[in-house]
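Undergrad:
There are 2 protein chains.
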Amino acid sequence: MRDFSDDHRALSINTATVRKQGDLVAITEACARADIKAISPWRDQVAHVGLNRAVAAVKDAGLELSGYCRGGMFPADAARLQEATDDNRRAVDEAVALGAPCLVLVVGGLPQYSRLGSPVSKDIDAARAMVEDGIATLLEYSSQAGLPLAIEPLHPMYAADRACVNTMRQALDICDRVDPERTGMLGLAVDVYHVWWDPELKEQIRRTGQDRLLAYHVCDWLVPTTDLLLDRGMMGDGVIDLRGIREAVEAVGFAGYSEVEIFSENNWWKRPMEEVLATCIERHRTVV
Amino acid sequence: MRDFSDDHRALSINTATVRKQGDLVAITEACARADIKAISPWRDQVAHVGLNRAVAAVKDAGLELSGYCRGGMFPADAARLQEATDDNRRAVDEAVALGAPCLVLVVGGLPQYSRLGSPVSKDIDAARAMVEDGIATLLEYSSQAGLPLAIEPLHPMYAADRACVNTMRQALDICDRVDPERTGMLGLAVDVYHVWWDPELKEQIRRTGQDRLLAYHVCDWLVPTTDLLLDRGMMGDGVIDLRGIREAVEAVGFAGYSEVEIFSENNWWKRPMEEVLATCIERHRTVV
Chain X
1 MRDFSDDHRA LSINTATVRK QGDLVAITEA CARADIKAIS PWRDQVAHVG LNRAVAAVKD
61 AGLELSGYCR GGMFPADAAR LQEATDDNRR AVDEAVALGA PCLVLVVGGL PQYSRLGSPV
121 SKDIDAARAM VEDGIATLLE YSSQAGLPLA IEPLHPMYAA DRACVNTMRQ ALDICDRVDP
181 ERTGMLGLAV DVYHVWWDPE LKEQIRRTGQ DRLLAYHVCD WLVPTTDLLL DRGMMGDGVI
241 DLRGIREAVE AVGFAGYSEV EIFSENNWWK RPMEEVLATC IERHRTVV
Chain B
1 MRDFSDDHRA LSINTATVRK QGDLVAITEA CARADIKAIS PWRDQVAHVG LNRAVAAVKD
61 AGLELSGYCR GGMFPADAAR LQEATDDNRR AVDEAVALGA PCLVLVVGGL PQYSRLGSPV
121 SKDIDAARAM VEDGIATLLE YSSQAGLPLA IEPLHPMYAA DRACVNTMRQ ALDICDRVDP
181 ERTGMLGLAV DVYHVWWDPE LKEQIRRTGQ DRLLAYHVCD WLVPTTDLLL DRGMMGDGVI
241 DLRGIREAVE AVGFAGYSEV EIFSENNWWK RPMEEVLATC IERHRTVV
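Below is the structure:
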């Protein structure tokens with residue numbers, strides 16, 4: 001396993017972690033000052049400053065990208081299907097412009113939450129079929145652009161409204177069906193927050209393999225967790241065996257960034273950006 | 001599938017659903033007035049009125065039980081292991097005294113949450129091993145008493161602090177290892193709240209089979225869910241395909257009670273008991 005204790009070259013900051021403290025340009029500048037090598041930006045943060053300015057800011061700060069967040073939200077009624085397709089193609093184009101190594105897919109839940117205005121449904125199997133169709137369709141476009149798609153299995157507590165792909169096994173089954181030749185253009189984004197509880201975690205990490213392990217996200221699970229979405233913990237403050245999981249992903253050959261993604265309305269989003277980044281660095285060296 | 005529209009003979013009330021509105025005696029009386037045939041009481045509610053009085057109240061109200069909540073909380077350090085064993089044996093004895101058809105097991109999460117005072121651990125695999133040992137040990141005692149144990153897989157959002165058995169597959173794997181002869185003394189309590197999201201739900205229901213499907217719990221998953229524990233929805237108010245799941249459990253021969261278990265701090269716990277029970281009856285007939 002790589003030794004992170006001496007430097008933080010393998011640290012990436014998902015820009016949602018400090019989204020309340022500044023815009024994307026401010027975040028790139030703060031990362032450069034903290035000698036952070038990589039970020040993973042969100043589309044709304046890119047749109048806020050404009051794509052060209054975002055591309056320039058990333059370049060000026062000497063940053064690499066560890067991913068781009070996010071495409072997906074596939075389930076939709078027929079009237080909104082074209083909207084979803086167009087939206088996802090734009091996400092691919094932006095990711096390419098920014099030099100991202102992959103587009104992270106949060107696949108969407110039931111259609112009424114995935115694409116607002118779609119009729120109410122309780123058929124999660126149907127939503128899952130729409131997700132698989134959507135991934136297959138987008139993959140044709142993204143493959144031509146040479147951009148890998150990273151399916152992110154989300155914690156089951158988000159199954160209804162954010163992502164109906166909820167385990168690594170399920171995501172890998174989709175990969176096997178949609179990309180059986182393992183072209184390198186479809187894989188997983190593995191976020192410890194979503195998968196740490198899975199009794200099959202280690203087995204499914206081995207099944208993923210280096211070629212399909214496209215991104216690795218860290219944070220921590222707090223006890224108690226006071227909000228389903230916005231109460232993620234800083235690495236080390238919760239119950240996740242971070243070293244054990246990193247050991248497993250590195251054992252299959254993963255050598256990429258450890259990307260910190262923390263949504264924390266009442267704690268980390270309220271602290272100064274420099275303090276948050278300094279804490280990410282310290283925890284990266286000591287507990288990740 | 002059974003037709004529930006004309007009567008509510010198959011309805012059971014888990015007494016936590018109205019725990020704020022009255023004690024166990026008051027609940028049994030209200031259930032009798034509403035012509036409800038069964039309840040599933042909690043240990044603390046039984047202890048509050050005393051076991052003998054609880055037994056008499058159930059009998060006086062002409063009620064059956066659909067389960068007894070709950071044993072479990074197995075992970076513990078060595079100093080607290082005997083406490084856990086003794087506590088679970090008392091739960092078995094109480095269930096037998098009350099005439100319960102099974103003891104529901106919420107198996108516990110990491111030892112520091114399962115048995116307070118145990119040292120802090122992040123090793124969920126170790127906790128799971130303790131759970132399996134605990135079930136095997138308790139099964140010797142409960143089998144002699146003729147009382148089946150029902151492992152309740154809990155939603156993954158409770159993996160740290162309440163139950164590290166989080167899928168039906170995982171629970172059934174434990175059953176296969178601990179009770180390979182399928183003695184009828186070990187099975188599952190299937191609560192739609194915990195398992196509705198599982199891509200393998202229908203497959204694992206078939207695998208469970210009639211002999212291991214010991215209890216069936218209903219409520220609903222709300223969007224948004226504002227609290228991880230105390231914001232369960234009334235059947236019909238959320239996104240769970242209740243009819244589809246009941247069809248699957250009845251297809252394997254389940255013919256028991258549909259037990260309503262709702263923890264709802266800001267809604268159903270604040271309404272009069274009669275209104276809650278009347279709503280359970282109406283939803284049982286129309287959407288369960």
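Heads up: the sequence lines are chains X and B, in that order. Residue numbering for the first sequence follows the UniProt record's numbering, beginning at 1 and increasing consecutively. Residue numbering for the second sequence follows the UniProt record's numbering, beginning at 1 and increasing consecutively. Beta carbons: idealized from backbone N, C-alpha and C, even for Gly. Small disclaimer: the values here were computed from a predicted structure and weren't measured.
Could you compute how far the alpha carbon of B:R19 sits from the alpha carbon of B:L277?
TA: Looking up residue 19 of chain B in the second sequence gives position 19. Looking up residue 277 of chain B in the second sequence gives position 277. Distance between the alpha carbons of B:R19 and B:L277: 12 Å.
Undergrad: What are the boundary residues of the alpha helix (DSSP H) that B:N14 is part of?
TA: Counting from one through the second sequence, the residue named residue 14 of chain B turns up at place 14. Where B:N14 is concerned, there is no enclosing alpha helix (DSSP H), although the beta strand (DSSP E) it sits in stretches over L11 to N14.
Undergrad: Can you say whether X:Q204 is buried or exposed, counting buried as having 16 or more other CB atoms within 10 angstroms of its CB?
TA: The residue given as residue 204 of chain X occupies position 204 in the first sequence. That one is buried.
Undergrad: So, does the CB of residue 295 of chain X fall closer than 8 Å to a CB anywhere in chain B?
TA: Lying outside 1 to 288, the shown extent of chain X, residue 295 of chain X is not represented and no answer is given.
Undergrad: Taking Cβ positions only, does B:Y141 come closer than 8 Å to chain X?
TA: Within the second sequence, the letter at position 141 stands for residue 141 of chain B. No - not a single Cβ of chain X is within 8 Å of the one on B:Y141.
Undergrad: Mind listing which residues of the segment 220-250 of chain B have their C-beta closer than 7 Å to chain X's C-betas, in chain order?
TA: W221, V223, T225, L228, V239, I240 and D241
Undergrad: Tell me the residue span of the alpha helix (DSSP H) that contains B:D44.
TA: Position 44 of the second sequence, counted from the start, is the residue given in the question as residue 44 of chain B. Judged by DSSP secondary structure, B:D44 falls within the alpha helix (DSSP H) whose first and last residues are R43 to V49.
Undergrad: Return yes when the Cβ of B:T137 is within less than 8 Å of the Cβ of B:P153, no when it is not.
TA: Working through the second sequence from its first residue, we reach residue 153 of chain B at position 153. Working through the second sequence from its first residue, we reach residue 137 of chain B at position 137. In this structure, B:T137 does not lie closer than 8 Å to B:P153 by Cβ.
Undergrad: Residues of the segment 109-141 of chain X in Cβ contact with chain B at a cutoff of 8 Å, in chain order, please.
TA: L110, Y113, K122, D123, I124 and R128
Undergrad: Among the candidates X:D237, X:V195 and X:H284, whose CA atom is the shortest distance from the CA of X:D220?
TA: On the first sequence, residue 220 of chain X is found 220 positions in, with the first residue counted as 1. When each option's Cα is compared against that of X:D220, the closest is X:D237.
Undergrad: Given this structure, state the Cα-to-Cα distance separating B:V96 from X:L139, to the nearest angstrom.
TA: Start at 1 with the first residue of the second sequence, and residue 96 of chain B comes out as number 96. Start at 1 with the first residue of the first sequence, and residue 139 of chain X comes out as number 139. Each residue's Cα considered, the two are about 58 Å apart.
Undergrad: What residues from the segment 174-199 of chain X come within 7 Å of chain B, judged by C-beta to C-beta, listed N to C?
TA: W197 and P199
Undergrad: Who pairs with B:D220 in a beta bridge, going by DSSP?
TA: What you label residue 220 of chain B is simply residue 220 of the second sequence in a count that begins at 1. Paired residues: B:G233.
Undergrad: Suppose only complete runs of 3+ residues qualify. What are the beta strand (DSSP E) ranges in the segment 153-190 of chain X, listed by chain order?
TA: none
Undergrad: Output needed for B:T183: all residues of its chain with C-beta closer than 8 Å, excluding positions within five of it in sequence on either side, in chain order.
TA: Sequence index remark: in the second sequence, residue 183 of chain B carries index 183 (1-based). S143, listed in sequence order.
Undergrad: With a CB to CB cut of under 8 Å and the five nearest residues on each side skipped, what residues in its chain are close to X:I13?
TA: Your numbering for residue 13 of chain X matches position 13 in the first sequence. These residues qualify, in order along the chain: I27, C31, I36, A38, I39, S40, E259, V260, L277 and C280.
Undergrad: In this structure, what does DSSP give as the bridge partners for X:G72?
TA: Start at 1 with the first residue of the first sequence, and residue 72 of chain X comes out as number 72. Paired residues: X:V106.
Undergrad: According to DSSP, is B:I39 part of a helix, a strand, or is it coil?
TA: Here residue 39 of chain B refers to the residue found at position 39 when the second sequence is read from its first residue. The answer is strand: DSSP assigns B:I39 an E or B state.
Undergrad: Just checking: is the beta-carbon of X:Q204 within a distance shorter than 8 Å of some beta-carbon in chain B?
TA: Here the question's residue 204 of chain X lines up with position 204 in the first sequence. Answer no: the Cβ-Cβ gap between X:Q204 and chain B never drops below 8 Å.
Undergrad: What in chain B is Cβ-close to X:A160, meaning under 7 Å?
TA: Along the first sequence, one-based indexing puts residue 160 of chain X at 160. Ordered by position in chain B, the residues that pass the 7 Å Cβ test against X:A160 are W221, V223 and V239.
Undergrad: Taking just the CA atoms, how far does B:W269 sit from X:R90?
TA: Here residue 90 of chain X refers to the residue found at position 90 of the first sequence. Here residue 269 of chain B refers to the residue found at position 269 of the second sequence. So the two alpha carbons sit approximately 47 Å from each other.
Undergrad: Is DSSP giving X:S264 helix, strand or coil here?
TA: For the purposes of this step, residue 264 of chain X is taken as the residue at position 264 of the first sequence. Of the three classes helix, strand and coil, the one that applies to X:S264 here is strand, per DSSP.
Undergrad: Return the first residue and the last residue of the alpha helix (DSSP H) that B:L277 is part of.
TA: In the second sequence, the residue the question calls residue 277 of chain B occupies position 277. Residues M273 to T286.
Undergrad: Is it right to say X:V92 is buried, meaning 16 or more other beta carbons lie within 10 angstroms of its own, or is it exposed?
TA: Within the first sequence, numbered from 1, the residue matching residue 92 of chain X stands at position 92. Buried, by the Cβ-count rule.
Undergrad: Residues of chain X with a CB under 7 Å from the CB of B:N267: which are they?
TA: Taking the first residue of the second sequence as position 1, residue 267 of chain B is located at position 267. Those within 7 Å of B:N267 in chain X number zero; the least Cβ separation is about 17 Å.
Undergrad: Could you tell me which chain X residues have their CB closer than 8 Å to the CB of B:Q144, listed as they occur along the chain?
TA: Within the second sequence, the letter at position 144 stands for residue 144 of chain B. Those within 8 Å of B:Q144 in chain X number zero; the least Cβ separation is about 30 Å.
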